[in-house]
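Q:
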Amino acid sequence: MDSNLTLINSTISGNESISNVGAGGIKFSNNLRFEPIELIISNTTIANNTGVDGGGLRIQSDNSMLALTTVNVTNSIIAGNAGGDCDLVDNSISIEFDLNNTLIEDGSCDATLTGAPQLGALADNGGSTLTMLPANSSPVVDAGDNTGCGTGLGIEIDQRGELRADGACDLGAVEIQYNAPPPPPPEPEVQIGAIKGVFLMLLAGLYGFRRTFNRA
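Under the numbering used here, the residues of the sequence shown are numbered 7 to 222, in order.
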């Protein structure tokens with residue numbers, strides 16, 4: 007792709023490229039343009055795609071065009087892509103690449119947040135589109151930057167239409183929804199009158215036993 011692109015609350019999965027320089031998920035390039043172009047990826051999951059180089063995300067710039075390519079990836083997941091998760095090919099100094107609170111499983115593109123995101127298979131997890139639900143133990147849970155998914159930015163809900171958490175939001179297209187545990191059962195009430203009655207009955211029984219024994 008060689009034009010401006012914005013991806014918000016999206017899942018890109020199961021795509022394949024057979025090109026020698028293609029990416030299964032996203033290939034972003036300014037090779038055919040003279041003016042600057044911009045790619046914005048926010049709260050998006052790019053997983054299980056296949057490509058030769060950068061199976062998930064490939065960013066390419068050609069110095070012959072002298073055009074600036076700006077890429078900003080925020081609160082997203084790039085993982086499990088064959089051919090590498092991310093590939094940054096800069097033939098000049100014309101790429102500005104910002105990676106913010108984004109997990110890239112294989113550590114490519116100088117990612118600082120790495121490792122398996124523990125994503126489920128692409129499935130119906132609610133909403134009108136298929137998504138990949140992280141496990142509750144996933145490192146992407148509550149790892150997001152709230153300034154990137156706040157009210158007024160159009161990202162206060164996830165891909166399914168579910169509200170994002172009041173605390174730190176999750177990475178990727180899906181926000182884990184926690185169900186509050188049920189309240190504990192109430193403590194049994196202690197009936198003082200009943201205890202007194204039982205105590206008196208025990209005393210009466212013991213007293214009656216002694217009287218019978220003495221008469222014998």
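Note that CB positions come from ideal geometry on N, CA and C, so glycine has one too.
(1) Between the region 137–153 and the region 169–180, are three or more C-beta pairs nearer than 8 Å?
(2) Could you name the residues that DSSP lists as bridge partners for Thr12?
(3) Across the region 129–136 and the region 42–61, are there enough close Cβ pairs to call them in contact, namely three or more that are closer than 8 Å?
(4) If you compare alpha carbons, which of Glu44, Gly150, Gly31 is closest to Asn107?
(5) Pick out whichever of Gly167, Leu13, Ala29 has its Cα sitting closest to the Cα of Gly20.
(6) Suppose you measure from the CA of Glu111 to the CA of Glu41; what does that come to, to the nearest Å?
(7) Step through the CB atoms of chain D and report whether any lies within less than 9 Å of the CB of Leu105.
(8) Compute the distance between the beta-carbons of Asn49 and Asn81, then report whether it is under 9 Å.
(9) Do Ile52 and Thr12 count as a contact pair if the criterion is CB distance below 9 Å?
(10) Taking DSSP as the reference, what is the three-state secondary structure of Thr118?
(11) Rank Phe103, Gly89, Ile83 by C-alpha distance to the C-alpha of Ser35 and give the top, closest one.
(12) Please identify the residue among Ile84, Ser67, Ile161 whose C-alpha is closest to the C-alpha of Leu94.
(13) I'd like the list of long-range same chain contacts for Gly113, defined as Cβ closer than 7 Å, with 5 residues on each side in sequence excluded.
(14) Do you know whose CA, among Ile161, Gly31, Ile18, Asn87, lies nearest Leu128's CA?
(15) I need the boundaries of the beta strand (DSSP E) containing Thr5, first residue and last residue.
(16) Should Asn15 and Gln124 be called a contact, given that it needs their Cβ atoms to be closer than 9 Å?
(17) Tell me which same chain residues have a C-beta within less than 7 Å of the C-beta of Asn10, skipping the five on either side of it?
(18) Where Ala88 and Ala171 are concerned, what is the direct C-alpha to C-alpha distance, given to the nearest angstrom?
A: To lay it out plainly:
(1) yes
(2) For this step, residue 12 is matched to residue 6 along the sequence shown. According to DSSP, Thr12 bridges with Ile46.
(3) no
(4) Locating residue 107 in the sequence shown gives position 101, where the first residue counts as 1. Residue Gly150 is the option with its Cα nearest to Asn107.
(5) The residue given as residue 20 occupies position 14 in the sequence shown. Comparing Cα positions, the closest option is Ala29.
(6) The residue labelled residue 111 in the question sits at position 105 within the sequence shown. The residue labelled residue 41 in the question sits at position 35 within the sequence shown. One C-alpha to the other measures close to 32 Å.
(7) Annotation note: the requested chain D is absent from the structure, which comprises a single protein chain.
(8) Working through the sequence shown from its first residue, we reach residue 49 at position 43. Working through the sequence shown from its first residue, we reach residue 81 at position 75. Going by C-beta atoms, Asn49 is nearer than 9 Å to Asn81.
(9) Taking the first residue of the sequence shown as 1, we reach residue 12 at position 6. Taking the first residue of the sequence shown as 1, we reach residue 52 at position 46. No; because the gap between Cβ atoms is not below 9 Å, this pair is not in contact.
(10) Within the sequence shown, residue 118 is the residue found at index 112, counting from 1. Looking at Thr118 - three-state DSSP - the assignment turns out to be coil, as it is neither helix nor strand.
(11) To locate residue 35, count along the sequence shown from 1; it is residue 29. The option with the nearest alpha carbon to Ser35 is Phe103.
(12) Here residue 94 corresponds to residue number 88 of the sequence shown, with the count starting at 1. The shortest C-alpha separation from Leu94 is found at Ser67.
(13) Counted from its first residue, the sequence shown places residue 113 at position 107. These residues qualify, in order along the chain: Thr120.
(14) For this step, residue 128 is matched to residue 122 along the sequence shown. Considering only alpha carbons, the answer is Ile18.
(15) The structure shown does not extend to residue 5, since the chain is modelled only from 7 to 222, so the question has no answer here.
(16) Translated into positions along the sequence shown, residue 15 becomes position 9. Translated into positions along the sequence shown, residue 124 becomes position 118. It is not a contact, given that the beta carbons lie outside the stated cut-off.
(17) Position 4 of the sequence shown, counted from the first residue, corresponds to residue 10. Once the five neighbours on either side are set aside, the close Cβ partners of Asn10 are Ile43, Glu44.
(18) Walking along the sequence shown from the start, residue 88 turns up at place 82. Walking along the sequence shown from the start, residue 171 turns up at place 165. For Ala88 and Ala171, the distance between alpha carbons rounds to 32 Å.
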